[in-house]
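S.K.: In our numbering, the protein residues as written are 203 to 419. C-beta: ideal position from N, C-alpha, C; glycine also. Here the structure is a predicted model, which is why all the values come from computation and not from measurement. Quick one: the structure is below, questions incoming.
Right, dumping it as structure tokens:
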């Protein structure tokens, strides 16, 4: 079950994320879109056509990011959960790669240690890393029975990761940056040719393809 929060990001970004979900090679999947808009007027802007394995649920009122994710999990059917955020591009084999690593290592949590980031405003691309070796927007984990996201507006991912670790989970960090790309200013009108800011040729070509795809949407 992929959990995606919506309501505070642009509608085109939500549909781009839906396209990423549709292209995933892992066959047993569903996308739960949590419409967590600040007011009813904004909530009414998000409409999608009914499709198999893609569901949208409206929160009864605006919730913190952590509680909104818990709301989505409550509606999910899967035993494995994946963060699927609308401001990211995810490679078609992202879920298959992470779930395979999860199973092969008998682990409970798999996170990407490194991703790519690209700004449509500046046209610059680079690698995204941190000292925790964990880009938490890419977290895939076995559904816990008694652990949920904390009731916070920001960094709720770190909160649940800490709770999982306290319960004995040992996260695995995958250094496969081509599986995900953080996108900035996707709704802006300026789209420049990507600048190769230390990227490998493979990742530079990937950024060019992502930009091309966005132009065609």
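Which class does residue 253 belong to by DSSP, given the choice of helix, strand or coil?
M.R.: Note: residue 253 maps to strand in three-state DSSP.
S.K.: Residue 245 by DSSP, collapsed to three states: which one?
M.R.: Any reading at residue 245 is ruled out, since the residue's pLDDT is 44, under 50, leaving its predicted position unreliable.
S.K.: Does DSSP classify residue 265 as helix, strand or coil?
M.R.: Reduced to three states, the DSSP call for residue 265 is coil.
S.K.: Which residue marks the beginning of the alpha helix (DSSP H) containing residue 378, and which one marks its end?
M.R.: Where residue 378 is concerned, there is no enclosing alpha helix (DSSP H), given that its DSSP letter is neither H nor E.
S.K.: What is the DSSP secondary structure of residue 216, reduced to helix, strand or coil?
M.R.: Helix, per DSSP.
S.K.: For residue 243, count neighbouring C-beta atoms within 10 Å of its own C-beta (all shown protein chains included) and say buried if the count is 16 or more, exposed if not.
M.R.: Low local confidence applies: a pLDDT of 43 at residue 243 is under 50, so the model's placement there is unreliable, and no value is given.
S.K.: Are the C-beta of residue 353 and some C-beta of chain D separated by less than 7 Å?
M.R.: Of the chains in the structure shown, none is chain D; there is only one protein chain.
S.K.: Given that a residue counts as buried once 16 or more other Cβ atoms are within 10 Å of its Cβ, and exposed if not, what is residue 379?
M.R.: By the neighbour-count rule (16 or more Cβ atoms within 10 Å), residue 379 is buried.
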